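Residue numbers (my numbering), protein chains in the order written: chain A, 1 to 441; chain B, 1 to 217; chain C, 1 to 105.
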């Protein structure tokens, strides 16, 4: 982008713009595009989800507005815009106004590090992954503000539930990512995607594996367990069913959104769907190689790259389109799974949710970090780090040993944890009644 | 370029200090906490301006994402949010003001007048083959497992101690908890009471003194 | 940054923030308010550490490391402090520091 803007300004129009002006203009253009993409994703995802869930429940779903109901989200948006904006008399006006903004803004920031294709990451930060999750944790503040400012017990309850859930599920999510970061040795999202070339075996682990762009992390035991834990945590972060207790409409109306109407409600809705999109996207990025897939690397190698400045720019475009297609395909596939889960599972109770996060996911992901250490030791470390005994095995042999070892550890951890968690005595309703009401059980 | 950075710096300084003043001046403690978040955010942006990327992100993650949430939770778990009709400050708040202003003057005078800070920072690569002269996340991580290993472990132990300590301090024993019945429990209780009254068990546990429902009826 | 903004300016901001935090910690009656003042002070210390690191020796990590340890300590302090406030609230039904005076003679 920088090069294109530089070329247009300084070569075509000969303006002699300074470097930072060019940077500013190019980043502004990228930001504009991303700000357009986010609401479009939301519009598409609402339609997608409603049609899917309708199909799963043996209904038709929205099919009146436009061909196959395609314009239903647009109609909804128009309705949202024209509705009256109501602020409760007892509400804290400024905080009530600011809360939706604080919830929406972070979701927009998170687009900054999302890789859409080869060479198509808006900003390649050294700490992109950490940035993504740091920014996502800001929206918890917005939820708290919304819940408190509405002056409504359902809002406050919903906000408390939402924040407690987000804060506790951030830990297993981070721990499962830690395993991946240990393997790549980098927090940069571009590096993480680059690592996942290969064919079921990452070519970064074993040299000489054909690079078909299929060496995704989910194909090794460490990555698979991390993926499972992360996806469950992502469901909780995005407040999807089975973890949608913050806005459980049969219990607490609509949670923190109860007192919002019109465009402010629209902003919450936008934030929620954009966040869901981002969580699916980051799952695809970290565990399924983002834009990696057959053909992208080959096309990109023919285009203009730092290594190959004489390439043909059209190959960049082709690689970008193919990469973006793979990326969006994976992302929507995960969103499909989210909708599927919503169609299949009932909602958890608050205490079950907390139990599951703290007593099951966290120990499991901790074991996974241990497995990741073994994986790194066998695959990436040499005699200097004390893994000289593994060197005679050769690259593939070391990979195989690491695979078997981590698989055994992870399966054992899964079995043991599931048994322990399954045998934990739950408080029954009678006991709880005896506890709160002082009854003999 | 320099002007742009100066403008950004002044905006950030205004955000940090303005939000800081609001934290101590606002009556409503929730608003105070929200201003505090604003101040944290400004400090994070200042780190970004100072090219400490990793610290900026950690600042947002720890302060904005965790500490402020903790503070908001603590405020909501304790009553009296609005602080109406109460004194905001201690009686001798002017003494505190005096101390703060004196300290500021005492610190800032030698900083601005008696000391020259025109030090040219050493540039050049940290290690051969490294492009920039600024330590980033990679060097930080390496430092944590080499020169600062002991400090790192002590910090870990400190966090563990704080975790356990917070749980122990805030733990509420089951039998001291305020008793609020859920709808389902109330319903079940009424049903059982009818059953017991049918059986003419007048001295059932339900009518034990101190029971919330038996008291109300 | 280091060419455009002299170190003194950053230090001034940090000193001012420290004094604001000190005033808050010394004068607010609400215990959560006191804790917030302390958090402001810790933040200002961090600004100082990072500024000195950036201006004086950006090639070494000592400044950043110290700032990270300060953040760790601040997080631990917030957790324990807030737990204490909740425990005090449960026993005294107050969050004002001067109402908790049962140790006074």
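Built from N, CA and C at the ideal position, the CB exists for glycine as well. Note that this is a predicted model, so its numbers are computed, not measured.
Item to check | Cβ separation of residue 323/A and residue 120/A, assumed to be a contact under 8 Å, to the nearest whole Å | outcome: That belief holds up - the Cβ atoms of residue 323/A and residue 120/A are roughly 7 Å apart, short of 8 Å.
Item to check | Burial state of residue 84/A (16 or more Cβ within 10 Å) | outcome: The residue is exposed, with fewer than 16 neighbouring Cβ atoms inside 10 Å.
Item to check | Nearest-angstrom Cβ-Cβ length linking residue 24/C and residue 44/C, presumed shorter than 8 Å | outcome: Not a contact, Cβ separation roughly 12 Å.
Checklist entry - Closer than 9 Å, CB to CB, is residue 84/C near chain B or not? => result Taking Cβ atoms only, chain B reaches closer than 9 Å to residue 84/C, which makes this a yes.
Next on the checklist: Looking at chain C, is there any beta carbon in it that lies within less than 9 Å of the beta carbon of residue 151/B?
Outcome noted: Closer than 9 Å to some Cβ of chain C, the Cβ of residue 151/B qualifies, so yes.
Checklist entry - Roughly how far, in whole angstroms, is the beta-carbon of residue 362/A from the beta-carbon of residue 171/A, given that I think they are within contact range, below 8 Å? => result Confirmed, about 6 Å.
Next on the checklist: Going by beta-carbon coordinates alone, are residue 37/B and residue 64/B separated by less than 9 Å?
Outcome noted: Result yes, Cβ atoms of residue 37/B and residue 64/B sit closer than 9 Å.
Checklist entry - Given a limit of 8 Å on CB to CB distance, which residues of the region 24-38 of chain C reach chain B? => result Residues passing the 8 Å Cβ filter: 24, 26, 27, 28, 29, 30, 32, 33, 35, 36, 37.
Next on the checklist: Rounded to whole angstroms, what is the Cα-Cα separation between residue 168/A and residue 162/A?
Outcome noted: Taking the straight line joining both Cα atoms gives about 10 Å.
Checklist entry - Counting pairs of Cβ atoms below 8 Å between the region 272-291 of chain A and the region 207-218 of chain A, do you hit three or more? => result Short answer: they touch.
Next on the checklist: If you follow the alpha helix (DSSP H) that residue 194/A is in, where does it begin and where does it stop?
Outcome noted: Start and end: 189-195.
Checklist entry - Apart from the five residues just before and just after residue 156/A, which ones in its own chain have a Cβ nearer than 7 Å to its Cβ? => result Excluding positions up to five away in sequence, the list reads 147, 148.
Checklist entry - If we count the other Cβ atoms within 10 Å of its Cβ and call it buried at 16 or more, is residue 131/A buried or exposed? => result Under a 10 Å Cβ-count criterion, residue 131/A is classified as buried, with 16 or more other Cβ atoms of the shown protein chains found around its own Cβ.
Item to check | Bridge-paired residues (DSSP) for residue 168/A | outcome: Partner residues in a beta bridge of residue 168/A, as assigned by DSSP, do not exist.
Next on the checklist: Would residue 179/A and residue 357/A be called neighbours here (beta carbons separated by less than 9 Å)?
Outcome noted: No, they are not a contact pair.
Checklist entry - Mapping DSSP to helix, strand and coil, what is residue 207/B? => result With a pLDDT of 47 at residue 207/B, under the threshold of 50, the modelled position of that residue is not reliable, and the figure given next carries that caveat. Secondary structure at residue 207/B: helix, using DSSP grouped into helix, strand and coil.
Next on the checklist: Quick check: the Cα distance between residue 129/B and residue 195/A, rounded to an integer number of angstroms?
Outcome noted: Caution applies to residue 129/B, whose pLDDT of 49 falls short of 50 and renders its modelled position unreliable; the model cannot decide the point.
Checklist entry - Between residue 154/A and the rest of its own chain, which residues show a CB-CB distance below 8 Å, the 5 nearest in sequence each way excluded? => result Hits under 8 Å: 252, 253, 254, 255, 258.
Next on the checklist: Does chain D have any CB closer than 9 Å to the CB of residue 39/B?
Outcome noted: Among the protein chains in the structure shown, which are A, B and C, there is no chain D.
Item to check | Under the three-state DSSP convention, the category residue 443/A falls into | outcome: An answer regarding residue 443/A cannot be provided, because it is not within the stretch 1 to 441 covered by chain A.
Checklist entry - Smallest Cα separation from residue 75/B: which of 28/B, 54/B, 42/B, 50/B? => result For the residues 28/B, 54/B, 42/B, 50/B, the minimum Cα distance to residue 75/B belongs to 28/B.
Item to check | DSSP beta-bridge partners of residue 28/C | outcome: As computed with DSSP, residue 28/C is found in a beta bridge with 89/B.
Checklist entry - So, using beta-carbon positions, are residue 126/A and residue 188/B closer together than 9 Å? => result Cβ atoms of residue 126/A and residue 188/B: not closer than 9 Å.
Checklist entry - Can you give the beta carbon distance from residue 338/A to residue 235/A, rounded, assuming they're within the 8 Å contact cut? => result Contact check for residue 338/A and residue 235/A: beta-carbon distance about 7 Å, within the 8 Å limit, so the pair qualifies.
Checklist entry - Between residue 52/A and the rest of its own chain, which residues show a CB-CB distance below 6 Å, the 5 nearest in sequence each way excluded? => result Around residue 52/A: 339.
Item to check | residue 326/A beta carbon less than 9 Å from that of residue 364/A | outcome: Taking 9 Å as the Cβ cut-off, residue 364/A and residue 326/A do not qualify as a contacting pair.
Next on the checklist: Taking the straight line between their C-alpha atoms, what separation do you get for residue 217/B and residue 23/B?
Outcome noted: Note that residue 217/B scores a pLDDT of 38, beneath 50, so its modelled location is shaky; the value from the coordinates is reported in the next line. If I take the Cα positions, the gap works out to 47 Å.
Checklist entry - Who are the Cβ neighbours of residue 26/C in its own chain at under 8 Å, not counting the five residues just before and after it? => result Correct list, in chain order: 37.
Checklist entry - Along chain B, which residues have their Cβ under 9 Å away from the Cβ of residue 145/A? => result In chain order: 30, 34, 72.
Item to check | Euclidean distance between Cα positions of residue 29/C and residue 19/A | outcome: Rounded to the nearest angstrom, the two C-alpha atoms are 52 Å apart.
Checklist entry - Taking all protein chains shown into account, do 16 or more other C-beta atoms lie within 10 angstroms of the C-beta of residue 33/B, making it buried, or fewer, making it exposed? => result A buried status is given to residue 33/B, since no fewer than 16 other beta-carbon atoms sit within 10 Å of its beta-carbon.
Checklist entry - Between residue 48/C and residue 138/A, what straight-line distance do the alpha-carbon atoms span, to the nearest angstrom? => result The alpha-carbon separation between residue 48/C and residue 138/A amounts to approximately 25 Å.
Checklist entry - Are the region 97-113 of chain B and the region 4-17 of chain C touching by the rule of at least three beta carbon pairs closer than 8 Å? => result Counting C-beta pairs closer than 8 Å gives three or more between the region 97-113 of chain B and the region 4-17 of chain C, which meets the contact rule.
Item to check | Exposure of residue 63/A, with buried meaning 16 or more beta-carbon neighbours within 10 Å | outcome: The Cβ neighbour count for residue 63/A, taken over all protein chains shown within 10 Å, is under 16; the residue is labelled exposed.
Checklist entry - Which residues in the same chain have their Cβ closer than 6 Å to the Cβ of residue 311/A, if we skip the five residues on either side of it in sequence? => result For residue 311/A, where only same-chain residues beyond five positions count, the Cβ hits under 6 Å are 302, 303, 304.
Checklist entry - Nearest chain B C-beta to residue 100/C closer than 9 Å, yes or no? => result Judged by the 9 Å Cβ criterion, residue 100/C is not in contact with chain B.
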